[in-house]
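Numbering (my numbering), first residue to last: 1 to 346.
Backbone N, C-alpha and C define an ideal beta-carbon position, used for all residues, glycine too.
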Amino acid sequence: MTKYKDIYSNHLNDIIDLIKNNKIKGENEALEKFSVYIETIQEIGSFSVDDWRQDWRKKIWKFGEEFKIRNPSEFLNLIDEKLNSPLTTNKEVLEFIRSEIIVNYLPDDECKKQLEILIKNYPLNPEFRNTLGHYFSRENQLKLSIEQYSLAFKIDPKNTTFLENRFSKDQDYLSDFIKKGLYNEGKKYVNSIVEDKDYINAGNNIRNTLVDFSRRFSDHIHFEEKLVALEKDFKEKMKSELDVERKRIVEILGFFSAIVAFILSTVSIAKNFNFIEAIYFIIALGLVLVLFNISLSLLFSQAKKEIFKDKKFWILILSLALILLFIIMSKSITETLDNLNQFQRL
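In structure tokens form, the structure reads like this:
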């Protein structure tokens, strides 16, 4: 049988109204009624889903919000006296009321430390875990926040507020994966929570939102794969074009170098050899320079495996053959000229 009584909420409503009207210390005013209230509320017992009704807990939240600006020291003193009294039978409910006051007034770091102590003492009280989840959320520790909301909902599975808090942080956590570009990790996470028992019976809106996140991650992954493929293709095309351009520049430089070398060498040959010898040397020089240009072209060619199909390769072979032929012919002509000279002397 439930221990809850309507007076727990009714008396709290009266105290909240008195505080709002700034009726604090007088007879039958907020402090006096609050002193009676914290004595009476101990009858509710330790936390249970049936005894600690959700509407009453929300009234305690509303009561705590009255101290966002107002100094709560007099109310906290009354609670602390009860907590330190050996006659106190239910400290858990007093700690709950006290926690809702301090989280609205004291700095976050101090409140967080006190909540961690309360969770250690009352690990199955979902209110302390829910409130701690708020602090982790403010610090952007989304994973820790989700863990606390999940535990709160696990303890009190009928409390939709706890589930809504968790779902809100799960959405932020999934959005964070998208912002950081961690699409595969995000897809794994969303697929895991879709099958979470907390969400299986949570309603179509929540499940549809999670499915939508899953699709978004799939789209991002597909788009990223396309970008990687395009980037790879672009790099290959750029490399190919740069290689072709480099080859063309080398061939142009080689061509102009050959022309300059041909001109300078022709002048030198003409000065040092007779006409017939000069003609042969100039032709041989021209073939050597052609050979030089063709060698450069083949050296920087990408199609090395198909070199025997390249016309330039056969031009190179022909040039080598012609040079060899001119060397042989030059030798024969030289011997003929020597014989003629000897004959004329006779």
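Classify residue i as buried or exposed, calling it buried when 16 or more other Cβ atoms lie within 10 Å of its own Cβ.
i	result
A30	buried
M1	With a pLDDT of 48 at M1, under the threshold of 50, the modelled position of this residue cannot be trusted; read the value that follows with caution. Classification of M1: exposed, given that the 10 Å Cβ count is below 16.
L87	exposed
N165	buried
L242	exposed
R57	buried
E231	exposed
Q22	Note that residue 22 is Asn in the sequence shown, not Gln. Under this definition N22 is an exposed residue.
Q223	Residue 223 is actually Phe in this sequence, not Gln. Under this definition F223 is an exposed residue.
D419	Look at the range of the chain in this structure, 1 to 346, and you will see that residue 419 is not part of it.
L12	buried
G186	buried
K113	exposed
P72	buried
L115	buried
E364	Residue 364 is absent from the structure shown; the chain starts at 1 and stops at 346.
G181	exposed
I200	exposed
E100	buried
G133	buried
A202	buried
D170	buried
A229	exposed
L151	buried
L18	buried
D233	exposed
D109	exposed
I259	exposed
I249	exposed
V211	exposed
D55	exposed
S145	buried
V36	exposed
S137	buried
V244	exposed
L174	buried
How would you write the range of the alpha helix (DSSP H) that residue i sits in, first residue to last?
i	result
W56	Q54 to E65
S168	T160 to K180
F47	Careful: F47 lies outside any alpha helix (DSSP H) and carries neither H nor E.
K143	L142 to I155
G186	Y183 to V194
E29	First-last for E29: undefined, no H or E at that position.
Y8	I7 to K20
Shorter than 7 Å, the distance from the beta carbon of residue i to the closest heavy atom of the ligand MG, or not?
i	result
S268	No copy of the ligand MG occurs in the structure displayed, which carries no ligand at all.
At least three beta-carbon pairs within less than 8 Å, the region 78-87 to the region 27-45
yes
4 or more residues per run - each alpha helix (DSSP H) lying fully within the region 68-139
73-84, 91-102, 108-121 and 126-138
Of all the alpha helix (DSSP H) runs that stay within the bounds of the region 198-250, which reach a length of 4 or more residues?
none
Does the region 91-103 come within contact of the region 119-138, defined as at least 3 CB pairs closer than 8 Å?
yes
Is there contact here, the region 198-207 with the region 158-177, by at least three beta-carbon pairs under 8 Å?
yes
Quick test of the definition: if touching needs 3 or more C-beta pairs under 8 Å, does the region 116-124 touch the region 63-71?
no
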